[in-house]
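Participant: Note that the first sequence covers residues 2 to 966 in this note's numbering.
C-beta: ideal position from N, C-alpha, C; glycine also.
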Amino acid sequence: MSQEQVVKTPTDSDIPPHRYTAARAGRIERSWQDRWAEEGTFAAPNPVGELAEGFAERAAERPKLFVNDMFPYPSGEGLHVGHPLGYIGTDVYSRYMRMRGHNVLHTMGFDAFGLPAEQFAVQTGQHPRATTEQNIVAIRRQLRRLGLDHDTRRSVATMDPQYYKWTQWIFKQIFSSYYDEAADRARPIDDLVAEFDAGTREPAAGNNPYGLRWPELDAQQRNSVVDAHRLAYLNEAPVNWCPGLGTVLSNEEVTADGRSERGNFPVFRRPLKQWKLRITAYAERLLSDLDALEWPESIKLMQRNWIGRSIGATIAFPTDRGLSIEVFTTRPDTLFGATYVVLAPEHPLVKGLTTADWPEATAESWRGVGGRPPEAVAAYQQLASRRSELERQTDQRVKSGVFLGSFATNMATGQRIPVFIADYVLTGYGTGAIMAVPGQDERDWEFAGAYDLPIVRTVAPPSGFEGKAFTGEGPAINSANDSLDLNGLGVADSKAAMITWLVDAGHGQARTTYRLRDWLFSRQRYWGEPFPIVYPVDGVDIDRPIVVPDEALPVLLPDVEDYSPRTFADDDVTSEPEAPLARATEWLTVELDLGDGVKTYRRETNTMPNWAGSCWYELRYLDPHNDDVFCDPVIEKYWMGPREDGDPGGVDLYVGGAEHAVLHLLYARFWHKVLFDLGHVSSSEPFRRLVNQGMLQAPAYTDARGMYVDASRVESRQDGFYYDDAAVRQEFGKIGKSLKNMITPDDMFADYGADTFRLYEMFTGPLDQSRPWDPKAVIGMLRLLQRLWRLVIDEQTGSVRVGNAPVDAGSLPVLNRVIEGVREGMDSLRFNIAIARITELVNHVTQSYADRPTPRELAEPLVLMIAPLAPHIAEELWSKLGHPESLARTNFPVADSRFLVDDTVQIAVQVNGRLRGSVAVPADADAAAMEAAARREPNVIAHLDGAQIRRVIAVPGKLVNFVLG
RNA sequence: GCCCCCGUAGCCCAAUGGCAGAGGCAGGCCCCUUAAAAGGGCCCCAGUGUGGGUUCGAGUCCCACCGGGGGCACCA
């Protein structure tokens, strides 16, 4: 970075020989980075195991602290100045807490599998492993140059076979478990089979399509019943198919526009057989356990919305064809207003409810594209399946549907009501069917309008209501039959009464549903974890998934000739996913002895999504080289275990971007809870405290045509910004290539040094706040370090100019107030305040001791206080002050409370809340003394003259306020 | 359309309901300097987006609106 307006570069002869310059900063920084690495300064000992060395001396008597950043994708574009914001924040905090006496573990790793790494490799025509390894080297170098206090022995990369061995092992755990609703936790699937065998439990009806009791099932049927209970299962269902990426995607990876989060390609719903993880079993716990987490409210809210609990009832509508339609509704109170029923186009009952011919007098508009009901229904189903999510969005919500020809009965009114299919009802939510109540639902109102269906209001709108459907609160109307009368009741009472009536009559029951769907877990990509799954190639269990034994882990990702996925035209709806691993012919089949002799098996060719590796990486940092277990339970308990009753445990501070609110953060919580249920970890949540760092935006410039121009070549002049003497317009935006405003940490290291860069990033605002990056403002932080340097080092001679003379009495209150303020800033992650306090002290000492040596009593705390923020210069000055050891574990300065209170204070004097004067009083003056002093203030006397004093407010140390009557 | 967050000096940001300013950038003046500045000192600059309310007292709490950012969006 060298924007014209910033600086002119001075030559060496121009400046004092021992000034703190970017070049000097660079030398100091590199030498301390080397020394920290050599001495293992930031190695955090474990209580047991291979990393336990030094635990007794360094850690046993100390509280622990586990600090973690969301690890980066090694993307190949390298880091820009926005990336390290969070890393620096956790670094400052972890260094501070280490000086506060904690055994601090700060770690970093790489999210190396997945689309970004694969796409970069495809673009550059190299193998993803090669590019990813190169990128990791480059990012490691940048992180080291930043001076971060990671325990580098513990770094992990998700593509490392020794890492993904355990990702596969955890998948096996999930596959080998089921959710025990009664115990409200996951349990081994073997327990379930044992209970079936013992006759103490029967398979859940939904998981047993055979309609036989367990003892009556044959072996193959038993296997399929058991498989249907697993937390990881294969099923055929409509999924998000993205031809442009050549893979299926999870709901969380599809944007609100119906496009892929990555690449922005259209996404289509189509039925495919895919792996899913039963995250929905955890919906309630994922929701309620949020309460105990120290997370930003906005993130908790996003997770709550995503999980989307709604409380209501299921109601079974009998039909004239014998079948019964189960609907879900949150408004059972409106049943009297249900004038038709709608199924999702893909609903399994559609076939059975479609009549051969239209009933007499069926309106033309109900018949769809024409023909008889079977043709009209099939045509509509095909139309619905072909529409991308995007088209559904942009169709302006015009309601369409087709009548099936059959009727249901509204059991509250006894009336026959028609049954439709319509794509405004979704397969995956509730039961995939609704009772339509146009009077109280806007969508149903629109549909009723379009198809001329009756509308009955069952909640009285307020007088003057001019809307259509009324969804608000009001008394029930038109809602009575022989055995139930809701009229006059409010919505809540009506709901309760209706549910009681439905249950008594056997028509329905109270039910809670969630918006959350099971997690689509397979991808047709090369660069991911292979599944530890094989299929028999013959026999009765052909195509039944079987996990490989632990000894066969890791299932290595094979090398293939062509690792790029087969992609298709963005809108090629009919394309079929094709897994690149299917081309690895030798790898595809394997001979295994799974207990019944050596047989041939076919491998699963899908890979896991890139979220898999990040679902548990915080655990692997704790015990990174363990070959026997993913993490020793003793070590997990030490770093992540609950601290007291009600504490979920987890990482003490986790920092990362808000864009992962419902992706990584939800998936990781789910995996962690499975591990918790199965007894592998003691913490019930992975991240106890979460902070989102803000986003940096940098200036970008557009020319007259609206094209972005290289920001680094833009000049700032009196009357605006110029590029090649042409005026350009400034805006602020995301840093990166597309806006041509890339600024890299390397630029900052070269121009200012890592310490200045760190200070500037922390100074521009609180960690969680987004802010613009102002290239011109960085200089202020260098000036601060230069002043600090000058307080300790003589710029002309290089000798230390700190003396042992006593400090001025006037400096002590300043020092101690600053210590107090710096601690406050550090504790609350508002490093901008800490830096401001330090600046205050630097300025005070600079001014007060301009012609004398700086008192050691001031210089040392100053150096220690800035150490977490600017660690290299602090270490350098600390050693020059005569301390041979690193200051990393030196105690952080403590304020002496005697100097925090002044003898006398200035208090404000108000009359009727308006400031009328200011008087000095002893700090411990009571209300009466303050009032007396205030009454002597001439301006106050004038304002009080002749007035009736109704009340006097006196706040000790602050103010006196006279309230006149 | 619904939900959440944020609006303080030219800019970035401070201020347990108690005198609106801690700190930095930019700007102005001065000092050091042959000259310069990535050196030093001093100074200028807002009444807190708008309108109500609660309170002795509101940047801070409540309501409505405006502006910016984010999330969700046919979820029954």
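1. Apart from the five residues on each side of it in sequence, which residues of its chain come closer than 8 Å, Cβ to Cβ, to W170?
2. Measuring CB atoms only, is the region 732-746 touching the region 696-704, in the sense that at least three cross pairs come out at less than 8 Å?
3. Pick out whichever of I834, P894 and L878 has its Cα sitting closest to the Cα of S887.
4. With DSSP as the reference, label K735 as helix, strand or coil.
5. So what's V864 in DSSP terms, helix, strand or just coil?
6. Over the uninterrupted beta strand (DSSP E) stretch that includes R310, give me the two end residues.
7. Could you check what DSSP says for Q510 in three-state terms: helix, strand or coil?
8. Go through its chain and collect everything with a Cβ distance to F758's Cβ below 6 Å, but skip five positions before and after it.
9. Quick one: residues in its chain with C-beta nearer than 7 Å to the C-beta of L945, no 5 flanking neighbours on either side, listed in chain order?
10. Within the same chain, show all residues whose beta-carbon is closer than 8 Å to that of R584, passing over the 5 residues directly before and after it, in chain order.
11. For the candidate residues Y180, D494, Y211 and V343, whose alpha-carbon lies nearest to that of R332?
12. For the region 188-199 and the region 165-180, state whether three or more C-beta atom pairs, one from each stretch, are separated by less than 8 Å.
13. Which residues in the same chain have their Cβ closer than 7 Å to the Cβ of P854, if we skip the five residues on either side of it in sequence?
14. Where do the ends of the beta strand (DSSP E) carrying E237 lie?
15. Do the region 599-613 and the region 521-540 make contact, defined as three or more Cβ pairs closer than 8 Å?
16. When we look at the beta-carbon of S480 and count the other beta-carbons within 10 Å, is it buried (16 or more) or exposed?
17. Which whole-angstrom value is the C-beta distance of A377 and V370, which I expect to be below 8 Å?
18. How many Å lie between E39 and R899 at the Cα?
19. In whole angstroms, give me the CA-to-CA distance for A339 and G313.
20. Could you tell me which of N940, P75 and Y94 sits nearest to N136, measuring between CA atoms?
21. Taking the straight line between their C-alpha atoms, what separation do you get for F893 and H107?
22. Please return the same chain residues whose Cβ sits closer than 6 Å to the Cβ of P455, not counting the five positions on each side in sequence.
23. Quick one: is M641 buried, meaning 16 or more other Cβ sit within 10 Å of its Cβ, or exposed?
24. Using the DSSP secondary-structure output, state which residues sit across from E327 in a beta bridge.
25. Please classify G406 as buried or exposed, where buried requires at least 16 other C-beta atoms within 10 Å of its C-beta.
26. Distance check for M827 and R838, CA to CA, integer angstroms please.
27. Please state if the CB of R20 and the CB of Q787 are separated by a distance shorter than 8 Å.
28. Which residues in the same chain have their Cβ closer than 7 Å to the Cβ of F764, if we skip the five residues on either side of it in sequence?
29. How is Y536 classed by DSSP in three states: helix, strand or coil?
30. Could you check which residue in F197, V920 and V403 has the C-alpha nearest to that of V426?
31. Can you list, in chain order, the residues of its chain whose CB lies under 6 Å from that of G614, leaving out five sequence neighbours each side?
32. Counting along the chain, where does the beta strand (DSSP E) carrying W276 start and finish?
33. At which residue ranges does the region 826-885 contain complete alpha helix (DSSP H) runs of 4 or more residues, listed in the order of the chain?
34. Under 6 Å Cβ to Cβ from E605, same chain only, skipping five residues before and after it: list those, please.
35. Spell out the partners DSSP gives K1 in its beta bridges.
36. Given this structure, state the Cα-to-Cα distance separating V7 from R130, to the nearest angstrom.
Facilitator: Considering the structure as presented:
1. Working through the first sequence from its first residue, we reach residue 170 at position 169. Excluding positions up to five away in sequence, the list reads P533, D551, L554 and F631.
2. These segments touch.
3. Position 886 of the first sequence, counting from 1, holds the residue named residue 887. Of the candidates I834, P894 and L878, the one whose C-alpha sits nearest the C-alpha of S887 is L878.
4. Counting from one through the first sequence, the residue named residue 735 turns up at place 734. Correct three-state label for K735: strand.
5. Residue numbering aside, residue 864 sits at position 863 when the first sequence is read from its first letter. In the structure shown, V864 sits in a helix (DSSP, three-state: H, G or I).
6. Here the question's residue 310 lines up with position 309 in the first sequence. Residues R310 to P319.
7. The sequence position of residue 510 within the first sequence is 509, counting from 1. Note: Q510 maps to strand in three-state DSSP.
8. In the first sequence, counting from the first residue as 1, residue 758 sits at position 757. Within its own chain, the residues whose Cβ lies closer than 6 Å to the Cβ of F758, once the five positions on either side in sequence are excluded, are M749, listed in chain order.
9. Looking up residue 945 in the first sequence gives position 944. Result list for L945: V912 and F963, in chain order.
10. Within the first sequence, residue 584 is the residue found at index 583, counting from 1. Excluding sequence neighbours, R584 sits near V561, E562 and D563.
11. Mapped onto the first sequence, residue 332 falls at position 331. Nearest option by C-alpha distance: D494.
12. yes
13. In the first sequence, counting from the first residue as 1, residue 854 sits at position 853. Excluding residues within five positions, the ones whose Cβ falls inside 7 Å are R802, V803, G804 and A806.
14. Working through the first sequence from its first residue, we reach residue 237 at position 236. Here the beta strand (DSSP E) through E237 covers A233 to C243.
15. yes
16. As a working mapping, residue 480 is identified with position 479 in the first sequence. Answer is buried; the Cβ neighbour count reaches 16.
17. Within the first sequence, residue 377 is the residue found at index 376, counting from 1. Within the first sequence, residue 370 is the residue found at index 369, counting from 1. Contact holds; Cβ gap of about 6 Å.
18. The residue you call residue 39 lines up with position 38 of the first sequence. The residue you call residue 899 lines up with position 898 of the first sequence. So the two alpha carbons sit approximately 42 Å from each other.
19. Counting from 1 along the first sequence, the entry for residue 339 is found at position 338. Counting from 1 along the first sequence, the entry for residue 313 is found at position 312. Taking the straight line joining both Cα atoms gives about 15 Å.
20. As a position in the first sequence, residue 136 is number 135, starting the count at 1. For the residues N940, P75 and Y94, the minimum Cα distance to N136 belongs to P75.
21. On the first sequence, position 892 is the one that residue 893 refers to. On the first sequence, position 106 is the one that residue 107 refers to. Distance between the alpha carbons of F893 and H107: 19 Å.
22. Along the first sequence, one-based indexing puts residue 455 at 454. Cβ within range, chain order: T340.
23. Taking the first residue of the first sequence as position 1, residue 641 is located at position 640. Buried, by the Cβ-count rule.
24. Translated into positions along the first sequence, residue 327 becomes position 326. A317, per the DSSP bridge assignment.
25. Here the question's residue 406 lines up with position 405 in the first sequence. Flag for G406 reads buried.
26. As a working note, residue 838 is residue 837 in the first sequence. As a working note, residue 827 is residue 826 in the first sequence. If I take the Cα positions, the gap works out to 11 Å.
27. As a working note, residue 787 is residue 786 in the first sequence. As a working note, residue 20 is residue 19 in the first sequence. Going by C-beta atoms, Q787 is nearer than 8 Å to R20.
28. Here residue 764 refers to the residue found at position 763 of the first sequence. Result list for F764: M782, N833 and I836, in chain order.
29. Locating residue 536 in the first sequence gives position 535, counting from the first residue. Here Y536 sits in strand by DSSP.
30. For this step, residue 426 is matched to residue 425 along the first sequence. The option with the nearest alpha carbon to V426 is V403.
31. Taking the first residue of the first sequence as position 1, residue 614 is located at position 613. F114, T159 and T168, listed in sequence order.
32. Numbered from 1 along the first sequence, position 275 holds the residue referred to as residue 276. Here the beta strand (DSSP E) through W276 covers F269 to L278.
33. 832-849, 857-867 and 872-881
34. Numbered from its first residue, the first sequence carries residue 605 at position 604. Annotation for E605: F532 and I534 place their beta carbon closer than 6 Å to its own, counting only its chain and skipping 5 residues before and after.
35. Residue numbering for the chain in the displayed model covers 2 to 966; residue 1 lies beyond these limits and cannot be assessed.
36. For the purposes of this step, residue 7 is taken as the residue at position 6 of the first sequence. For the purposes of this step, residue 130 is taken as the residue at position 129 of the first sequence. At V7 the pLDDT is 33, less than 50, meaning the model places this residue with poor confidence; the figure from the coordinates comes in the next sentence. Cα to Cα, V7 sits roughly 41 Å from R130.
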